[in-house]
Amino acid sequence: MLAYLIRRLGAVLVMVLVVLLTTFVIFYMLPKWSGQDIAVLFAGKNSGAEQLEGIRQKLGLSDPLLVQFWEFVKGIPLGRDYGSGDDVTHCGAPCLGYSFRTELPVWETVKDALPVTLALAGGAAVLWLIGGVTVGVVSALKRGTVWDRAAMITALGGVSMPIFFTGMIAMGVFVHSLGWFSLDDSLTTGDSIGTWVETMILPWIVLAFLQAAMYARLTRATMLEVLGEDYIRTARAKGVTEPVVIRRHALRSTMTPILTVFGLDLGILIGGAILTETTFNLPGLGQEAVKAIEGKDLPMILGVTLCTALAIALANLVVDLMYAVIDPRVRLG
Amino acid sequence: MPRASTKRRFTAGAALVVAALMTTTACGGGDTEDDSKGAGYNAGINKVANPSKKKGGTLRFIAKQPIDSADPQRAYYGMTWDFMRFYTRTLVTYDTKPGEASNNLVPDLAKEKAEISEDGKTYTYKLRDGLTWEDGSKLTSKDIKYGIERIWATEVITGGPAYLKNVLDPKGEYEGPYKDKSKDKLGLKAIETPDDQTIVFKLPKPNSDFENMLAMPSGSPVKQEKDTKAKYANMPFSSGPYKFESYRPGKSLTLVRNAEWNESSDPVRPALPDKVTVTFSTNKEENDKKLMEGKYDIDMNGTGMTQSGRISAMQDHKDNVDNMETDFIRYVALVTKTKPFDKLECRKAVFYGTDFAALQKTRGGKLAAGEIAVSPLPKSIPGSDPSYDPYGVLERKGKPDVAKAKDALKKCGKPNGFSTKISARSDQPHEKEAATQLQQDLAKVGIKVEVDTIVGSESSSITGSPSVVEKRGYGMIMAGWGPDFPSGQGFGQPLWDSRFIFENGNYNEAQVADPKIDKMFDDAIAAETPEDAAKIYTDLSHRVIDQAVWMPFLQEKNITWRGSRVTNVYTSAAYSGRYDYISLGVK
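Chains U and V, in that order, give the protein sequences.
Read in order, the letters of the first sequence are residues 1 to 333 in UniProt numbering.
Read in order, the letters of the second sequence are residues 1 to 587 in UniProt numbering.
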């Protein structure tokens, strides 16, 4: 088990490094290869030769790509010094560099944005997992009934409607028209739990609705398949009560593929629920990603990419570890 | 109970819920939290809406685009300059009066405007008494010198305008305060501070716009002990009536009263609200709704409402709307180095073949997009001549003259037309659509145009790089431009002076290399009076149009929201037609 864990963590590290290097090349080298000078991107309206040279120095743009990449990677566990001579700024670990746009350490911004995204993804995940799986199980058990059809039609609607649409409708009705919720535009960790819940409740529901719909359909299909398995019939034949058959035998098997998808979905969401955050004006990682890409803010882009890659890799790892808990047939090693 | 009945009931219920949702959504946005009426349509144009001296309350801005930098020496956005007057002062500044009267300079830190030597090379200012920093310490001439010196520290202080540096030290001899070996770090020779109350600028060459350059925030003082270099942008030290309470770049900013600011030393700033907040929020449609609901007062970007926002505002809240004219010109630069635009007649064919009225419509019509422009200089710039129209655009109400366009094509040796490429920025509202419209119009005269979209933040390294322009084969570049300060130099020199063609960050996109235009700039800059300079700029603007190198098509207008509770609201030409933020108060 320990060897497995170490091996998987090693793989996570390699994957994250590859993702970072790819991002680095895309955002650093592609403009260069097409003849653009990256320093000009940061000079604004005033871009005299001296100013550009200053920017090149400050950003270390004259160094070879691999050196720049190595400096960046090294800074994450060890911290990093910027500048030379008397003018040295220390960026403490985990140093993800300084934003080209705001001059703030990227980690500070990520640290600010992460709780918003975690709260959004976490809250929505609880809702959609409970809601989606419950609806899916009940549908499977009441196959062909009005309940089943209604639930599946609603689920189809949920899957088909993009979040910016449902989000906009929800905002129009519950925020602007009925005034039931007031969404905080600049949520911080200093705000009260009440503010957080009030701001998050609509995004949670909207995001969970979309995802729950998918999970309901997936759960129903898997559950129906599992209910047709021989061991379920055997369990029933042995006189095991129906709730126990469902809970201990059928649901456990059903959860394996659901958890796989769940791990990926949760990871992607933690990396930034771009559409949800933009629709509801939530200052999370997704919004930071959009701003960074619009502003060609390379360190910010790298910071958010790192978070996404890590979140997806770790969520998958946790899911893989959970397989063993859920399904006794799975052994890690 | 038969199943069909349950089904029917369920369907009816679902339909009812959907209908209710749609109805409430459609009606959404109509209710206002603040029921008091607006001051009237266009009440803030050339006059003051809701005049009041009442102090107190919180002025609440919202903005989609964050400020570029809170550091006075590093900011270049017009909205940031407008906002900076809350916390930073300059020797001279723009008058707090509506409309074009705002273009007049008035003394701010200085007692009077400059005493200028006869040769126009020495500017002397005496400072007012009682000038203070936010810690109560005295603000001196040395602080102003140090602040200006920071512009030279190009390794750290990036992004701001370099006019003062180029004018005071054209050879770039000074290395900036961070590399300054002198003890007081005040080694710049072109500025002298004989005592704490006097500052003297010595220019190698006269420049009639020098005081305009000092009025930019880059002319602001910075207290040396408080200069945190690059980090200064996160918490600048105030010399104005407000100071930073908190700032989360790209998220929010809060200013509170600076108790050490001495009201008697500042006749410019009424400083009415107790607090000023800015929320940066990326969903512009939502921002408009929140403005209309009264959650915020003013859009700090000042670039107008979204299409849905302005329809709703014009229908339901017209009294809260100003149709402000900006000094922003939408244009197409005709790249004179790209064939066949090296030939005058081929360029003229574009002028004749363009449907200006269609471009205006594509960008949102007369109110939301602005008036058709034929002068390359915006109306508020001295010397602008909006009646000079050699191609008869206004006479034809913006419609093209196909016959003349074809005639021009014959004269340039392309009777069957030619093919070219135009760049447009995909993230600028309506720009791509306008370029596509132009493509359709010019196709009618035989000019085949390929539209190539680029990302706005990359434009300075694509359309701003002559070699990239050549590589990509752009014959036309569509963009927009506003003045840095209200003069021909402040608007046009980067656009049309051949000495401003740079390998990178070039704004002379047409690559105009006309010795006559260069000389006109020199003459205007050296002119003794603004009136003399204005005359030269008129001739210069005529020459730009005669040469058909730069085709203006709109002087931009915006539909802008003015919150009902905001007082002392007026648009200021000096800040590109935005509201003069420093004058605002709340009821």
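For every residue, glycine included, the Cβ atom is placed at its ideal position computed from N, Cα and C.
Since this is a predicted model, take the numbers as computed values, not measurements.
Q) Are any of the Cβ atoms in chain V nearer than 8 Å to that of residue 134(U)? A) no
Q. Closer than 8 Å, CB to CB, is residue 574(V) near chain U or not?
A. no
Q) Looking at the C-beta of residue 175(V), does it have a partner C-beta in chain U at a distance below 8 Å? A) no
Q) Between the segment 181-192 of chain U and chain V, which residues of the former have a C-beta closer than 7 Å to a C-beta of the latter? A) 185, 186
Q) residue 200(V) to residue 147(V), Cα distance in whole Å? A) 14 Å
Q: Name, please, each residue of chain U whose Cβ falls closer than 8 Å to the Cβ of residue 279(V).
A: 185, 186
(Q) Tell me whether the segment 35-52 of chain V and the segment 90-99 of chain V touch, counting them as touching only if at least three CB pairs, one residue from each stretch, are closer than 8 Å. (A) yes
Q. Using 8 Å as the threshold, is the segment 360-380 of chain V in touch with the segment 445-462 of chain V, meaning 3 or more CB pairs across them?
A. no
Q: Would you mind sorting residue 481(V) into buried or exposed? The rule is 16 or more other CB atoms within 10 Å of its CB.
A: buried
Q. Hey, is residue 138(U)'s beta-carbon within less than 8 Å of any beta-carbon in chain V?
A. no
Q: Please name the residue in 264(V), 467(V), 276(V), 333(V) whose C-alpha comes closest to that of residue 566(V).
A: 276(V)
(Q) If contacts are defined as beta-carbon pairs under 8 Å, then residue 102(U) and residue 282(V) qualify, I think. What distance do you get, rounded to the angstrom? (A) The pair is not a contact, with the Cβ atoms about 15 Å apart (cut-off 8 Å).
Q: Compare the C-beta of residue 122(V) with all C-beta atoms of chain U and state if any pair is closer than 8 Å.
A: no
Q: Determine the chain V residues that contact residue 103(U) at a beta-carbon separation under 7 Å, and present them in chain order.
A: 230, 231, 233, 234
Q.
Between 300(V), 344(V), 371(V), which has its C-alpha nearest residue 330(V)'s C-alpha?
A. 371(V)
**Q.** chain V contact for residue 19(U) (CB, 8 Å cutoff)
**A.** no
Q: Would you check if the distance between the CB atom of residue 185(U) and the CB atom of residue 316(U) is smaller than 8 Å?
A: no
Q: Could you name the residues of chain V that residue 279(U) contacts, counting a contact when the two beta carbons are closer than 9 Å?
A: 283, 286
**Q.** Alpha-carbon spacing of residue 84(V) relative to residue 319(U), whole angstroms
**A.** 51 Å
Q | Outcome for residue 269(V) when other beta-carbon atoms lying within 10 angstroms are tallied against a minimum of 16 | A | buried
Q | Cβ pair residue 462(V), residue 426(V) closer than 8 Å | A | no
**Q.** Proximity below 8 Å, CB of residue 269(U) to CB of residue 121(U)
**A.** yes
(Q) I want to see whether chain V comes within less than 8 Å of residue 37(U), judged by CB atoms only; does it? (A) yes
Q: Could you check what DSSP says for residue 579(V) in three-state terms: helix, strand or coil?
A: strand
Q | Anticipated Cβ contact below 8 Å, residue 588(V) with residue 177(V), distance rounded | A | This structure cannot speak to residue 588(V), because chain V is shown only from 1 to 587.
Q: Out of 99(U), 285(U), 179(U), 117(U), state which residue places its alpha-carbon closest to the alpha-carbon of residue 204(U).
A: 117(U)
Q | The beta strand (DSSP E) enclosing residue 194(V), as first and last residue numbers | A | 191-195
Q. Given residue 28(V), which residues of its chain have a CB within under 6 Å of its CB, disregarding the five upstream and five downstream residues?
A. With a pLDDT of 40 at residue 28(V), under the threshold of 50, the predicted position of this residue should be treated as unreliable, though the coordinate-derived value follows. Excluding sequence neighbours, residue 28(V) sits near nothing in its chain.
Q) Along the segment 53-68 of chain U, what residues have a CB closer than 7 Å to any CB found in chain V? A) 54, 55, 57, 58
Q.
Taking the beta carbon of residue 458(V) as the centre, do at least 16 other beta carbons fall within 10 Å, making it buried, or is it exposed?
A. buried
**Q.** At least three beta-carbon pairs within less than 8 Å, the segment 90-109 of chain U to the segment 290-303 of chain U
**A.** yes
Q | Min CB distance residue 291(U) to chain V below 8 Å | A | yes
Q.
Taking the beta carbon of residue 30(U) as the centre, do at least 16 other beta carbons fall within 10 Å, making it buried, or is it exposed?
A. exposed
Q) Is it true that the segment 343-354 of chain V meets the segment 515-527 of chain V, where meeting means three or more beta-carbon pairs spaced less than 8 Å apart? A) no
Q. Whose C-beta lies closer than 8 Å to the C-beta of residue 468(V) among residues of the same chain, with five residues either side of it excluded?
A. 461, 462
Q.
Looking at residue 156(V): is its Cβ nearer than 8 Å to the Cβ of residue 230(V)?
A. yes
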